[in-house]
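See structure below.
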Amino acid sequence: MSISGQNLFRFLSVGAATFILAAALNYVIDPLQLFRPAVLYPARYSLDDRMQNAGLIRSQDFNTVFIGTSLAVHYRASAINDALGVKSVKLAMSGSNSVEQSFVLNAALLRRPKMVLWEMDDWIFRDAPPIDEDKFVPADYYRMNIKGISGYLLSLDTARESVGILIRLLKPLDRLAAALASLQYLKFGSGSIDDLNTLPANVDRTTVYNTANTRKSFDYFAAHPSEIASGYDYDAMVRGFERDVISLIKAYPGVEFRIYFPPYSILQFVSMRDFSPQTLQIILKFTSLALERFAQLPNVKVYDFRDAQEITHDLDNYHDVIHHSPTIDLKVLSMIAAGDHLVNRDAPTVSVERLKQQVEAYRIDAIER
Amino acid sequence: MLFNSYPFIFLFLPIVLLGYFALGRRGNLAPVIWLALASLAFYSFSNWQFVLLLLASIAFNYLIGLLLIARKLRPGRRFAVLSIGVVGDLVVLGIFKYAGFLAANLNAMFSTGMTIDILLPVGISFYTFTQIAFLVDAYRGNVARYALPHYALFVTYFPHLIAGPILHHKDMIPQFERAEAKRPDAHLILCGLIIFAIGLFKKTCLADGIQPLVALAFGPATPSFDQAWIGALAYTFQLYFDFSGYSDMAIGISLMFGIFLPLNFNSPYKATSIIDFWRRWHMTLSQFLRDYLYIPLGGNRHGRVLRYVNLMITMLLGGLWHGAAWTFAAWGALHGAYLCINHAWNNYGPAVAPRFVRLANIGAVMLTFVSVVVAWVFFRADSTSSAVMILSKMANPTVLVLGYREMFACCYIFIYAGLVWFAPNTQQVMGYDHSNRAVGEPLTRLRQPLLLYGTAAMLAFGVLGIQQHSEFIYFRF
Chain R
13 MSISGQNLFR
23 FLSVGAATFI
33 LAAALNYVID
43 PLQLFRPAVL
53 YPARYSLDDR
63 MQNAGLIRSQ
73 DFNTVFIGTS
83 LAVHYRASAI
93 NDALGVKSVK
103 LAMSGSNSVE
113 QSFVLNAALL
123 RRPKMVLWEM
133 DDWIFRDAPP
143 IDEDKFVPAD
153 YYRMNIKGIS
163 GYLLSLDTAR
173 ESVGILIRLL
183 KPLDRLAAAL
193 ASLQYLKFGS
203 GSIDDLNTLP
213 ANVDRTTVYN
223 TANTRKSFDY
233 FAAHPSEIAS
243 GYDYDAMVRG
253 FERDVISLIK
263 AYPGVEFRIY
273 FPPYSILQFV
283 SMRDFSPQTL
293 QIILKFTSLA
303 LERFAQLPNV
313 KVYDFRDAQE
323 ITHDLDNYHD
333 VIHHSPTIDL
343 KVLSMIAAGD
353 HLVNRDAPTV
363 SVERLKQQVE
373 AYRIDAIER
Chain C
2 MLFNSYPFIF
12 LFLPIVLLGY
22 FALGRRGNLA
32 PVIWLALASL
42 AFYSFSNWQF
52 VLLLLASIAF
62 NYLIGLLLIA
72 RKLRPGRRFA
82 VLSIGVVGDL
92 VVLGIFKYAG
102 FLAANLNAMF
112 STGMTIDILL
122 PVGISFYTFT
132 QIAFLVDAYR
142 GNVARYALPH
152 YALFVTYFPH
162 LIAGPILHHK
172 DMIPQFERAE
182 AKRPDAHLIL
192 CGLIIFAIGL
202 FKKTCLADGI
212 QPLVALAFGP
222 ATPSFDQAWI
232 GALAYTFQLY
242 FDFSGYSDMA
252 IGISLMFGIF
262 LPLNFNSPYK
272 ATSIIDFWRR
282 WHMTLSQFLR
292 DYLYIPLGGN
302 RHGRVLRYVN
312 LMITMLLGGL
322 WHGAAWTFAA
332 WGALHGAYLC
342 INHAWNNYGP
352 AVAPRFVRLA
362 NIGAVMLTFV
372 SVVVAWVFFR
382 ADSTSSAVMI
392 LSKMANPTVL
402 VLGYREMFAC
412 CYIFIYAGLV
422 WFAPNTQQVM
432 GYDHSNRAVG
442 EPLTRLRQPL
452 LLYGTAAMLA
462 FGVLGIQQHS
472 EFIYFRF
């Protein structure tokens, strides 16, 4: 072999060896805990819920899965455990749609939990791309196929997180790691799974959740009424509901599904009443259908908190027209535990009628600013 | 298809290389046709809807060129044929690249309600320019008759098709005609791989690595003084490592096929003046603008005032070549003004005393660099008003955050500054000499193992750093 040929061989060999070493480091450290729970080092968690959930499903010990959107993402798993006497894992994803939720839930159900607690919003059923076209969900990490495993191990991003975890083991470098995390160079910044995506303890809740903020959000929709109706298509919603919810529930008859419609502020529906009545009609019609369909499934219990007037009419509970405070998180959990607002199988749409009356009766000028 | 993707590195490139050398044993033409077809396949992977446009452009320009080269036309007719060719190219470019911009401006001025939304074919600016140069040279009588496969390969050659370097037919076609290039050469393949590795590392590790800092200035939040500077500097380095990384990869890939591409970068941030900067940054575009725009406009042949006018026109059009937006026009105009000032200083400015030359050079590098950074703000910003806002923050040191995050970002910026100012560039590392068709001399020296193993590690990190959604910035142009 010529000298150039030998050099070419050496070059490719060293390149391949470096490649394999990086993959080995990623396998041993395994920052996402895809292969095993962290035992060699304190586990770190990423705020990127769509990625982190793949690791949580494989590394956590649980008998209950909690899923939902941004309305569920601030819950603490410990609060769910205390209220319902279960061992839960939180897989809520901000801004998620029914395709994403169904996909993640399906992956979690393969671990054979006994119960699913599902925070369900009507807007998750708006048309969404198939999961493999969704660039925010690393679907192959959940599937753990060749593409997923190689994508995880043969990745500089994973190697950076592996090195980040090693850096954090050295106390003097902890601040460096914190700075790297604040610049998004390290994604696995949280050391506590229970704190993941929750409101930090040092935040004054009254400045976040108050009537002024809620009213501001209502005023925004008043100025941008087209945004209220955006994406609502009854037929598409029904298709998504049947495909992503009903078929999933039917596939796991031994699992108890506790589904709840969260307590949005009354202003959510009032904004529709005043600026997009057609959207309100779609939502009421769709949720009536959903409640009737759920009533036919023996392994489903539904709680409809949208008419929980004591919560929804107190605008100090909200950050905007839909997002409620952590205090309401706990209240919702206690009501689920007590069976409040449980939908009656024989008259599943009573809560919808109550909500309709509340929305019709509400006077926006009665709000104290 | 992207150079920084697994399918390209592990599938497309090896297959095309094997096919090229296998066909090279059978003759001189088959590998050229193979490479042209492979280039079309490369283009069609992500731009299949524009393959016909590319083929039509090649056929149109080849026929116009043929008329200019082979037919003995009278001067008036020759000029008319050239005009048809150039205008035809510019009309197509104008429709795809500038119609939307024009409609938006007309709408803003006269409320016409007209909107035009046309998808930009990737690489159209590059293949239009290479072919205009071909037509102009054919008109000037500087072109021999080329065979269609060689011409088609010259336009479509995949290492350069998407984002340059802008090739010159006189440089490339004779290389495509050489029989020796069709035989595998382990030395050229090794050198090509090393240059590709450096380019890939620049892209996936350095450019993509500093990208998060860019948001400090160009993100949704209003930046402070330090954040605005960090963001602007981060973009300055990101753009350099992104585009020069792409150019290195193009040169490296081409070298594996035995073809030497022209250099596109020569440590531009080490420039001691704006004139020097444009001899080092996107060199093939600068040469094109000089030869086919600035000189035909009159260059410096009609006095100083007209020279400055020609400079401004050239740089304004150069700015708009990058994209149909006022931000690019502002960037071009700013560089036009810089060049005018630079030429005026050379003519009227005082000479530097010999003992201050070193100090003056350092000052010149800093001044040139800061001027370039200021111009990049327009290049990167979403609108001219947003650029002005960021520049106003960069000029207001009273609003300072300088928290732990910003201090850490500054360390990052210093490391990148060290790389662009003090590290040798790729051609220096590899001894790449385009005009003499030589490369790899440093591999024969004592430090060879360090170079070999260091770049092998860079290849590994470059491949590990491949992200799914990381396009090259210059793909948009």
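Residue numbers (the working numbering), protein chains in the order written: chain R, 13 to 381; chain C, 2 to 478. Glycine included, C-beta positions come from ideal geometry on N, C-alpha and C.
If you draw a straight line from the Cα of His323 of chain C to the Cα of Phe329 of chain C, it is about 7 Å long. For Leu217 of chain C and Asp383 of chain C, the gap between their C-alpha atoms comes out near 14 Å. The alpha-carbon separation between Gly80 of chain R and Gln113 of chain R amounts to approximately 7 Å. With its beta carbon less than 7 Å from one in chain R, Leu465 of chain C belongs to the interface. Between Ala325 of chain C and Tyr99 of chain C, the C-beta spacing is below 7 Å. When Cβ-Cβ separations below 7 Å define contact, Leu168 of chain R makes contact with chain C.
Each of C:Gly193, C:Phe379 and C:Phe11 was checked against the Cα of Phe23 of chain R, and the nearest Cα belongs to C:Gly193. Chain-ordered, the chain R residues with CB closer than 8 Å to the CB of Leu191 of chain C read Ser16, Asn19, Leu20 and Phe23.
A Cβ-Cβ distance of about 10 Å is found for the pair Asn5 of chain C and Lys203 of chain C, leaving them out of contact under the 8 Å criterion.
Between His151 of chain C and Ile133 of chain C a beta carbon distance of about 18 Å is seen, past the 8 Å cut, so the two are scored as non-contacting. The Cβ atoms of Leu198 of chain R and Leu465 of chain C lie no closer than 7 Å to each other. Proximity of chain R to Phe278 of chain C at the Cβ level (cut-off 7 Å) is not reached, the minimal Cβ distance being about 30 Å. Residues of the stretch 196–226 of chain R whose Cβ lies closer than 9 Å to any Cβ of chain C, in chain order: Gln196 and Tyr197.
Selection C:Phe159, C:Thr273 and C:Arg184 evaluated against Asn29 of chain C yields C:Arg184 as nearest (Cα-Cα). Tyr454 of chain C has a beta carbon lying within less than 7 Å of a beta carbon in chain R. Around the C-beta of His353 of chain R, 16 or more other C-beta atoms lie within 10 Å, and the residue is accordingly described as buried. Under the 8 Å Cβ criterion, the stretch 230–239 of chain C does not count as touching the stretch 274–284 of chain C, having fewer than three qualifying pairs. For Glu131 of chain R, the pairing in a beta bridge is given by DSSP as R:Tyr272. Contact between Thr223 of chain R and Asp328 of chain R holds, with the beta-carbon distance rounding to 5 Å and staying under 8 Å. Fewer than three beta-carbon pairs drawn from the stretch 244–258 of chain R and the stretch 340–354 of chain R are found closer than 8 Å, and the two stretches are therefore not classed as touching.
Within 7 Å of the CB of Arg406 of chain C, the CB atoms of chain R belong to Ala191, Ser194 and Leu195, in sequence order along the chain.
For Ala171 of chain R, the residues of chain C that pass the 8 Å Cβ criterion are Leu465, in the order they occur in the chain. If you draw a straight line from the Cα of Trp49 of chain C to the Cα of Gln72 of chain R, it is about 46 Å long.
From the listed residues C:Asn426, C:Gly319 and C:Ser274, the smallest Cα separation to Gln288 of chain C is found for C:Gly319. Gln18 of chain R and Pro224 of chain C have their alpha carbons spaced roughly 53 Å apart. In this structure, Tyr57 of chain R sits near Ile205 of chain R, with a CB-CB distance shorter than 7 Å. Look at Gly27 of chain R: its C-beta is under 7 Å from a C-beta on chain C. Residue state for Asp94 of chain R is assigned as helix, using DSSP reduced to three classes.
About 12 Å separates the CB atoms of Asn348 of chain C and Ile276 of chain C; that is not less than 8 Å, and the two are not in contact. Per the DSSP secondary-structure output, Lys313 of chain R pairs in a beta bridge with R:Arg270. By the neighbour-count definition (other C-beta atoms within 10 Å, threshold 16), Lys159 of chain R is an exposed residue.
The contact set of Phe31 of chain R on chain C, defined by CB atoms closer than 8 Å, consists of Ala461, Val464 and Leu465 in chain order.
The beta carbon of Ala50 of chain R does not come within 7 Å of any beta carbon belonging to chain C, so the residue lies off that interface. Listed in chain order, the alpha helix (DSSP H) runs fully inside the stretch 337–377 of chain C amount to none, counting runs of at least 4 residues.
For Phe47 of chain R, the secondary structure class from DSSP, reduced to helix, strand or coil, is coil. Under the DSSP assignment, Phe13 of chain C falls outside any beta strand (DSSP E); it carries neither an H nor an E label.
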